[in-house]
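Note sheet for the following structure.
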Ligand code: MSP
């Protein structure tokens, strides 16, 4: 497989201290949209997600619940997989950092970095935030030594011997990387943050902990446990192993490396854009292609936190409203990269307006007209019968390319808006052309042209929206007469090239249309 044929994308490996929250769902939905889009583009795709299961935070959580750490991890990791099924996430790998295969990869990688002379024993003193699993500078803490991300918990003072990684040695190489590869860190604002942080000077960071059992031992010094982040980042590499191949770095890196895209939230940018490339440089492993740090979600304008009691349970949300509605809201309403807000009333209004009214009603009323005026078939038109200045055709001809560019640059909101613009044009076009009046006047050819143009535009919209709302898109395809006798959920053809299906004028004349049924039931507030 050549580099250009494959696309590997990752979500963070989520901590299992608690059940999945809406932040983890957000990154995972975005990753799934990217993966689905790249599959439509004809790439071989590997979508990697998983769980980060070691470290003090997890150990303490398990102790608090009176469970063995592994037992606790198994329970929570299963909860993540359940949510991903509900949200229709087509992941290929679920990487768990407590697996024995991962242990082998971490050990081999550690030994490579050790052999390079980049690990040494030193004294670590400082404030440690267990919730972040990170040492904090005193100047960055709130009064009472509280971390800004976890103001309810005090950071803990540590003064212990640790192994350190020589991060400072890689400062110039990192700066050169950010200069040479302008899209290594995206969006640009995050790149600037990293650039200014690294320019101020990098300090070596400790990669071992003492008095911590829950983790892998440092090879050759079992009194120390490998720092959870050093271990977790390598989970991306372990995930690349074929299920049956021996867990060696060579095998893991042979097929899918370098990863094309790491999707993460902005809070863990430093680990991915500074520590991770430096670790890879030390082990002489090529670097991933891109790291994209998205923004944070708030609820009704407020930071979400357990102590305020305003968190959003993604399982409850998807059980109530269904996967497509949630996927649509978060990807269309929030500019990817910016912070965004969830407000239930706004959510319901937006998905009802866009999916039930603009898109769903459009298909429904057009299909009903096609039943009445065209024997329930796609009108006997072809692309050539529709004049080039037809507003739907004019837009439709360029839409595929515009949307593809938006998806490529992770501008999901821009992609969805461009598609919805065509949908709204269709509604306007029908109102203006009034096919019911044309029919009464006996202008059959004109009726057929109007209906063909609308049905084809809806098809194109469904195709291009399918990475975001796969179920609704499939249902639209079914009603347009594709594979009518089958309940297969993936009606959209994965084998025809994107350029063929994202073109305008694809719908086959005389194709028998399906039964018109609402494709999206209006949502009601509780
Ligand atoms: N275990 C590490 C990642 C290791 S990757 C090798 C971790 N896990 S986490 O479960 O705490 O966070 C996972 C993701 O959720 C992060 O990308 C984080 O940005 C995201 N979010 C957590 N709260 C969030 C919001 N309120 N809004 C959006 N995303 C947020 O960090």
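Residue numbers (my numbering): 18 to 543.
Ideal placement from N, C-alpha and C gives every residue a C-beta, glycine not left out.
For residue j and residue i, believed in contact at Cβ under 8 Å, the rounded distance
{"i": "residue 102", "j": "residue 86", "result": "25 Å between Cβ atoms; not a contact."}
{"i": "residue 269", "j": "residue 254", "result": "5 Å"}
{"i": "residue 257", "j": "residue 123", "result": "Going by Cβ atoms, the distance from residue 257 to residue 123 rounds to 14 Å, so no, they are not a contact pair."}
{"i": "residue 440", "j": "residue 493", "result": "Going by Cβ atoms, the distance from residue 440 to residue 493 rounds to 11 Å, so no, they are not a contact pair."}
{"i": "residue 482", "j": "residue 490", "result": "6 Å"}
{"i": "residue 295", "j": "residue 184", "result": "5 Å"}
Buried versus exposed call for residue i [16 or more other C-beta atoms within 10 Å across all chains shown]
{"i": "residue 451", "result": "exposed"}
{"i": "residue 225", "result": "buried"}
{"i": "residue 502", "result": "With a pLDDT of 44 at residue 502, under the threshold of 50, the modelled position of this residue cannot be trusted; read the value that follows with caution. Exposed."}
{"i": "residue 505", "result": "Low confidence applies to residue 505: its pLDDT is 49, below 50, so where it sits in the model is not reliable, and the reading given next is rough at best. Exposed, by the Cβ-count rule."}
{"i": "residue 47", "result": "buried"}
{"i": "residue 277", "result": "buried"}
{"i": "residue 293", "result": "buried"}
{"i": "residue 427", "result": "buried"}
{"i": "residue 41", "result": "buried"}
{"i": "residue 49", "result": "buried"}
{"i": "residue 231", "result": "buried"}
{"i": "residue 453", "result": "exposed"}
Residue closest to residue i, alpha-carbon to alpha-carbon, out of the options
{"i": "residue 376", "options": "392, 473, 306, 333", "result": "473"}
{"i": "residue 227", "options": "140, 207, 198", "result": "140"}
{"i": "residue 181", "options": "137, 188, 299", "result": "137"}
{"i": "residue 93", "options": "105, 152, 113, 167", "result": "113"}
{"i": "residue 309", "options": "239, 188, 288", "result": "288"}
{"i": "residue 67", "options": "119, 352, 532", "result": "119"}
{"i": "residue 104", "options": "346, 230, 195, 161", "result": "346"}
{"i": "residue 409", "options": "476, 61, 370, 365", "result": "476"}
{"i": "residue 520", "options": "479, 146, 364, 149", "result": "479"}
{"i": "residue 533", "options": "222, 380, 79", "result": "380"}
{"i": "residue 312", "options": "294, 348, 335, 278", "result": "348"}
{"i": "residue 369", "options": "343, 385, 206, 354", "result": "343"}
{"i": "residue 59", "options": "49, 79, 24, 359", "result": "24"}
{"i": "residue 148", "options": "373, 531, 446, 78", "result": "78"}
{"i": "residue 91", "options": "73, 69, 107", "result": "69"}
{"i": "residue 430", "options": "355, 386, 453", "result": "355"}
{"i": "residue 195", "options": "215, 243, 146, 184", "result": "215"}
{"i": "residue 319", "options": "357, 337, 339", "result": "357"}
{"i": "residue 424", "options": "199, 53, 197", "result": "53"}
{"i": "residue 45", "options": "331, 261, 170", "result": "331"}
{"i": "residue 302", "options": "283, 385, 281, 273", "result": "273"}
{"i": "residue 27", "options": "65, 57, 499, 34", "result": "65"}
{"i": "residue 337", "options": "115, 543, 110", "result": "543"}
{"i": "residue 421", "options": "515, 134, 99, 383", "result": "515"}
Residue i: first and last residue of the uninterrupted beta strand (DSSP E) it sits in
{"i": "residue 145", "result": "136-146"}
{"i": "residue 175", "result": "173-182"}
{"i": "residue 483", "result": "Taken as a continuous stretch (DSSP letters only), residue 483 belongs to no beta strand (DSSP E), as it is neither H nor E."}
{"i": "residue 112", "result": "110-113"}
{"i": "residue 240", "result": "238-243"}
{"i": "residue 151", "result": "151-153"}
Residue i: first and last residue of the uninterrupted alpha helix (DSSP H) it sits in
{"i": "residue 534", "result": "First-last for residue 534: undefined, no H or E at that position."}
{"i": "residue 106", "result": "Per DSSP, residue 106 belongs to no alpha helix (DSSP H) and is neither H nor E."}
{"i": "residue 336", "result": "331-338"}
{"i": "residue 445", "result": "429-450"}
{"i": "residue 129", "result": "117-132"}
{"i": "residue 252", "result": "252-255"}
{"i": "residue 515", "result": "515-518"}
Uninterrupted beta strand (DSSP E) stretches inside the stretch 27-95 (no shorter than 3 residues): 61-69
In chain order, each beta strand (DSSP E) run of at least 3 residues that lies wholly inside the stretch 264-325: 278-282, 307-311, 314-316
Ranges of the alpha helix (DSSP H) found wholly within the stretch 344-415, counting only runs of at least 4: 361-368, 379-391
Residue ranges of each alpha helix (DSSP H) within the stretch 189-215, 4 or longer: none
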